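Taking it in order: structure first as structure tokens, then the write-up.
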Amino acid sequence: MADNSQLEYDDDEQTNEQPTQRVATGQDADLPFKQGAVFGAIAVVLSYFAHLFSTIVSTAQTTPATYTDDGSLVVTEMVASWEAAGWSYLAAFGTGFEAEGEPATLGDAPNHAAAAASPPFFLIDTALFLLTAGLVVGAGYAIATYVDADDAVGAVKASVTVVPVYLVFAVLAAFLMTTTYSDPALVSSVFDSVGALEAESFLNDSGEVTGEITFGPATMSAILLAGLVVPAVLAAIGGVLTQRQDALETLMAKATDR
């Protein structure tokens, strides 16, 4: 009797343990979105502050001035550093820009960090690009290492969990980091650079501003390039780097099958 009771107790205990084990297995199979968000946030913050620091340094004690057609000196204001830093960050991912909805380049916008940079700062764009891309790769590598992925596929799946943070920041930057030019000299500079804009829409015959020009990132370009495609590709590269041998063997196997 005692043996039968013990067997029944053991069976009940095993039955109670099985659901717990299944839940634990299901949880382990989930992608590490929380951890990926942490690594992604660190990478995004470091990237943005690097661009912000560069912006502040390159525009320190800069007072942009221009001359009007009659030779008068006009002093204008710089684009806010936090906005210019956002433009620089987005440009590193290949994001396009717009002036009143017309396609433009970052160089078409006057009075921002890149426009004010002196020769010693020209190479900083390359350095910022490498840093921004490297941090995405690093974030993908870090999360894949953290979860100890078993193979290249698992590493890639884990690495792309850093992408949602990049997407959120890209959306915020696309909608918030825009500036409006209302100074006659700056308005003239923008429509001179962006051929699709017509002067009559913004200045009257007396040179007075009749319409402001809004300049900023192209929304879809920012979301697709800076928020999805480029971060996903770079993060996946970081994930694959943690499984170099497995990735190489997989490629060789596919090549052999052909």
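Under UniProt numbering, the sequence shown has 183 at position 183, and the numbering climbs by one with no breaks.
Just so you know, even glycine gets a beta-carbon here, dropped at the ideal spot from N, CA and C.
This structure is a prediction, so every number in the text was calculated from the model and none was measured.
For this session: Return the chain-ordered list of same chain residues with a C-beta closer than 7 Å to the C-beta of Phe169, the five sequence neighbours on each side being excluded.
Result: Val44
Exercise. When the distance is taken between beta carbons, is Glu83 closer than 8 Å to Ile213?
Worked result: no
Problem set entry | C-beta contact flag for Gly140 and Val162 at 8 Å | yes
Exercise. Bridge partners of residue 264, per DSSP?
Worked result: Nothing in the structure corresponds to residue 264, since the chain is present only between 1 and 258.
Problem set entry | Sub-8 Å separation of Ala142 and Gln243 beta-carbons | no
Exercise. Going by the CB atoms, is the gap between Thr55 and Ala85 shorter than 8 Å?
Worked result: yes
Exercise. In three-state terms, what does DSSP make of Ala222?
Worked result: Here Ala222 sits in helix by DSSP.
For this session: With a 10 Å radius around its C-beta and 16 neighbouring C-beta atoms as the bar for buried, classify Met177 as buried or exposed.
Result: buried
Exercise. Would a C-beta distance cut-off of 8 Å place Ala218 and Thr95 closer than the cut-off?
Worked result: yes
Exercise. Using CA coordinates, which residue listed in Leu203, Phe49, Ser193 is at the minimum distance from Glu102?
Worked result: Ser193
Exercise. Under the rule that 16 or more other beta-carbon atoms within 10 Å means buried, what is Asn204, buried or exposed?
Worked result: exposed
For this session: Write down the C-beta distance between Phe175 and Ala104 rounded to the nearest angstrom, noting that I regard them as a contact closer than 8 Å.
Result: Not a contact, Cβ separation roughly 17 Å.
Exercise. Cα separation between Gly134 and Ala158?
Worked result: 17 Å
Exercise. For Gly216, which of helix, strand or coil comes out of DSSP?
Worked result: strand
Exercise. Between Val171 and the rest of its own chain, which residues show a CB-CB distance below 7 Å, the 5 nearest in sequence each way excluded?
Worked result: For Val171, same chain residues with a beta-carbon under 7 Å away, outside a window of 5 residues either side, are Ile223, Gly227 in chain order.
Exercise. Which word fits Asp151, buried or exposed, when buried means at least 16 other C-beta atoms lie within 10 angstroms of its C-beta?
Worked result: exposed
Problem set entry | CB of Val209 within 8 Å of CB of Pro231, strictly | no
Exercise. Going by C-alpha distance, which of Thr59, Ala155, Val79 is nearest Gly36?
Worked result: Ala155
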